Structures are given as C-alpha cells and as structure tokens.
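Novice: Pasting in a structure now, in structure tokens, and then I'll have a few things to ask.
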Amino acid sequence: RILNQAMQTTSQPDDRHWISERMLNDAWDEIGLKCFNDGVGMGLGECEIKRLKRDFLITISILVSIRWSGWSAFRVNFLLNADKNSLRDTNLPVSDICSQQLRNYMTEQEATDFLEKQHVYLPEILQGKGAPMVSPERRLPYIKSKHLHIGDGASGRVFKEVIPSGCYSRDGYTNQACLVLCSIFRNILLTIQQTDINVARKEIFVGDGMGKREATNIELLRNSITKHDHILPIYAVYTYKDTLNIISELADDDLEVFLTGDQYDIIFSASQCLAKLLSETCNLAHALAFLHDRLRETDKNQILCHMDFHTRNILVKDTANDFKFVISDFGLAKVQRDPRDRQTPLNLQEVTKTNARRRAGTFLAPEVRTGSTSFVGRKSDVWSLACIVIRILIRGVLGREALNQFDQSRVNASKSKSKDYFYSRTQEGGCVINEAVEIWLSNLSSKSGQFVRRLLSNLR
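Residue numbers (full-length UniProt numbering): 1 to 460.
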C-alpha cells in the first residue's frame, strides 16, 4: 500500500506509473526493511538487511509488486549468489534475452510480470550531457498532475513539466553505482539535483526536417565552450519514440506578453524600470552578437543566425519585480563555419522564409519577404532586433496603450491593410521604412532622454 501511494503518473508516455529511487527509499523507510524481512520470512541478519537496502531495494520492490511467493529462498538465490546473477539493482532492467535467470527463481507468469513491472521502478534519469535515445518501455520522470501545455514554437509544442528531486543529473551520472558515490564524493553529489525543478519541455516530431535542424543547433549551443547568460539554458535533450525532447529553463512569459499584458503594469510603473529595460535590451543585443560571432567549439568558430527573432522567442524571467530577457527557439536557425577558420561567404542563402509555420512576419527583414532574391543572414537578425527594441522603448517611455496604437498604425499605413511590418513596399519593388514607424520614432525621440535619443538615432 505504501509503495502504491508513492507512485507517480507520468505525462510521457501518458498515464504510466513510476517511482524514483529517492521516493522508493522514503517508502521503505516507512515500511521498515526489518519488519518486512520478519513478515515474509526471508530470515536475513542485520548486515544482510543493510545489503538488501544498498543493492536490492528496486529488485524487492518489483518482487512485491508481482506478488512473488518465494521469499524464503531470497537469501540463497539473490544474496549468496549475487556475483553470478544479474538481478541486483545496478544491473536492471533485465532484457528479454537475459530473462532466463528470472525463470530459475519464479514461475513463467511471474517472470513475465517482472519484465513488465521493472520499468515502473526504473524511470529515466534525465542527463545534462549527451542526447540519448530513450527506450519506449521506460518512463520519463514527470508528474502528470503538474503537466501543462504552454505554447508552440516554430517546430514543436511546449509543455511545463516538474522533474522531482534525484531525477536529473547535470553531468550525466545515472546508474545507481554513481549515485552511491554521492555519499562519498561531494562534487558528484552536487551534480544530482536535490529539489523538484520546473522546466519547459519542447516536443518536436523527429521526422520533420525542422526538428533535425533544431537538434543540430541545440547541440552546437550545448557544446560551445563559450556561453552567454541571456541564451536559454538547455538542461537535457533526448529522443523518445518519434519525438525529440528539449528540456530547458522555464520562463515566466515571453516578451510579447510582457510588453502588452496589463499584469506587468506594476513593473513598468517602477521608477527604475526604463533603466532596467535599457539594460536588458543591451543584453539582448549582446546575446545576438554572441550567436553571430562568438560561438566556439573546440577546433572552430561558428556563426549562428537565428532567422526567427521575434518577441515570442524572447523569454522573460520575472523574480521579485525584477526581470531578465533570454533568447530561445532555434528551430529555424542557420549555422555556418566562421570564415576566420575557412573562406566561406558571410551571407547565408535563405531557405526557410516561406515555411508555413513561420509566425514572425511583424519582425521580418525586407530581404526575407516571399519572392525576394536577396541573401539573408546576420543583418536579417539585426533588423528584427531593431524592430523589437523600438517596441520595447515605446512601451517603456510612452506606455502600453501607446504600444497598441503604434502596432495598429503600421497596419493602417500598409497598402494591404493587413500587414504590420516595419517596412513598406515601393512601386518599384523596393522597400522603405514604414511611414508610421518614422512618425512614431520622431514622437518617441521628442519625449525621451539623451541616451534613448542616441539609441533611436542608431536604429535609424
């Protein structure tokens, strides 16, 4: 009963039960191994009970769940023959190929049940290194009651998940042998997370070329020996069935909601808000420059162009009326070798601008428009950044209602009356800055201090 109460239900795959090693330890502390030993008639001494907890806790939990009746022979078959058998916890799960040993100690039905039930007690430990392929039989350590669909990216769906303590290893220590070392070596202990953590899980269909591209880009960011504090931290990556899963830090909102939602009015009303906005805007620019110029693998420099830079892909961490902007979602990004390592063109030939899932029309650079033959690359990201900065400044200086009016004014100035781009098309087929943008920039400049005016001058 106590083991059943400790069970969790995962959100991946749906409605399957699991229990972590820490939860299992807590449950057995409540049950009492000595009382259990006496109750089922194993006849173990004190030292053997300690060994039972150290080496066979998962095994006996599985045996309890299948209602195994051979407890009187446990000492001989498991403890005394431990060097010969594969049923100590560190050797689980037992594969179908190696299951004959099970049949030496139990009936055919019990062996079948053991093979099925073992995965309940062996949830996947998410790893901070590598990108493993998780077997379909394994359970992922998520708590379904706290699972929530929170949005969609360019190439997949995004969920909020909770990973319980002990189910994430920053440095990839996953088997029990390494976990035992945690009690000896503090540096290993610190790599196993000690509390529940809230994360975002992005789920991408692996048969999609977009998913493969994002996986490649994420791997580049993870492997880079240079890091940036304003690029979304990636905790783990794995493939499960037909989906690539990217586990990252959970933000409070995206920048679009932050700028337009009335729930953040109290932050914008603070006297130091504009200074903080300018600081975070500079951090965004610095993070984008890092992607463009400072990614470094062991033997080469890389250039990464985001190609989908807009307010939905900038996340906001809000803590105690403070906030931080981070860049996310690299599903459309393009990567090439830096010409400082090899002579290659700086411009990246555009291949994704007409993709139907692209939602960043507001912030698209003119050269990314449908039908354009222009090259796109880092300058396209810079255009998008400038558009974002203008909206941030209008919100910070003139207010939320002014931002709404600015957004509508771009539509009104558009010949199609349906686009809110920051540029307009000329009769000759060229592009100029949207007339409404020019008007609002002048208005904003007249009501801003010297630093903002200088920034606006550079944006033009």
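Quick reminder that beta carbons are idealized off the backbone N, C-alpha and C, glycines included.
On a predicted model such as this, the values are computed, not experimentally measured, just so you know.
Taking the alpha-carbon positions, what's the S72 to H17 distance?
Specialist: Whole-angstrom Cα-Cα distance: 29 Å.
Novice: Looking only at its chain, what residues have a beta carbon closer than 6 Å to the beta carbon of L140, apart from the 5 residues adjacent to it on each side?
Specialist: Cβ within range, chain order: T10, Q12, E124.
Novice: When you compare only the Cα positions, how much space is there between S95 and I49?
Specialist: Taking the straight line joining both Cα atoms gives about 27 Å.
Novice: When burial is assigned at 16 or more other CB atoms within 10 Å of the CB, is A177 buried or exposed?
Specialist: Confidence at A177 is low in this model, with a pLDDT of 46, below 50, so its placement is unreliable and the value that follows should be read with caution. Exposed: under 16 other Cβ atoms inside 10 Å.
Novice: In whole angstroms, give me the CA-to-CA distance for D299 and I225.
Specialist: One C-alpha to the other measures close to 10 Å.
Novice: What would DSSP say about T112, mapped onto helix, strand or coil?
Specialist: Here T112 sits in helix by DSSP.
Novice: CB-CB under 6 Å to F290, same chain, minus the five flanking residues each way: which ones, in chain order?
Specialist: Closer than 6 Å at the Cβ level, and outside the excluded window around F290, lie H228.
Novice: So what's E249 in DSSP terms, helix, strand or just coil?
Specialist: The answer is strand: DSSP assigns E249 an E or B state.
Novice: Going by the beta-carbon positions, is the gap between K304 and A251 smaller than 8 Å?
Specialist: First, the residue type needs correcting, since residue 304 is Leu and not Lys in the sequence shown. No, the Cβ-Cβ distance between L304 and A251 is not below 8 Å.
Novice: Bridge partners of D152, per DSSP?
Specialist: The partner list for D152 (beta bridge, DSSP) reads R157.
Novice: In angstroms with no decimal places, state the Cα-to-Cα distance between V257 and R54.
Specialist: The straight-line gap from Cα to Cα measures roughly 50 Å.
Novice: For the region 231-281, list the alpha helix (DSSP H) runs that are entirely contained and at least 4 residues long, ordered along the chain.
Specialist: The region 231-281 contains these whole alpha helix (DSSP H) runs: 255-260, 265-268.
Novice: With DSSP run on the structure shown, which of helix, strand or coil describes W28?
Specialist: The answer is helix: DSSP assigns W28 an H, G or I state.
Novice: In three-state terms, what does DSSP make of L346?
Specialist: Model confidence at L346 stands at a pLDDT of 45, short of 50, so the residue's coordinates are unreliable; what they give is reported in the following sentence. In this structure, L346 counts as coil in the three-state DSSP scheme.
Novice: Which word fits R453, buried or exposed, when buried means at least 16 other C-beta atoms lie within 10 angstroms of its C-beta?
Specialist: Exposed, by the Cβ-count rule.
Novice: In this structure, how does DSSP classify C387 when only helix, strand and coil are distinguished?
Specialist: Correct three-state label for C387: helix.
Novice: Would you say Y142 faces chain B, with C-beta separation under 8 Å as the test?
Specialist: Absence of chain B from the displayed structure is noted, only one protein chain being present.
Novice: Tell me whether L348 is buried or exposed, calling it buried when 16 or more other Cβ atoms sit within 10 Å of its Cβ.
Specialist: Legend: pLDDT at L348 = 43, less than 50; position of this residue unreliable, no value from coordinates given.
Novice: Mapping DSSP to helix, strand and coil, what is A365?
Specialist: Residue state, collapsed to three classes: coil.
Novice: For the beta strand (DSSP E) that contains Q336, what are its first and last residues?
Specialist: First-last of the beta strand (DSSP E) with Q336: 334-337.
Novice: Write down the C-beta distance between L444 and L385 rounded to the nearest angstrom, noting that I regard them as a contact closer than 8 Å.
Specialist: At roughly 17 Å, the Cβ-Cβ gap does not stay under 8 Å, so L444 and L385 are not in contact.
Novice: If you follow the alpha helix (DSSP H) that R459 is part of, which residue opens it and which one closes it?
Specialist: The sequence shown places Leu at residue 459, rather than the Arg named in the question. Run containing L459: 450-459, per the alpha helix (DSSP H) assignment.
Novice: Identify, in the order they occur along the chain, each residue of the same chain with its Cβ nearer than 6 Å to the Cβ of R378, setting aside the five sequence neighbours on each side.
Specialist: If we look at R378 and ignore the five residues flanking it on each side, its Cβ neighbours are H292, C305.
Novice: Comparing alpha-carbon positions, which option in A200, Y238, L221 lies nearest V206?
Specialist: Nearest option by C-alpha distance: Y238.
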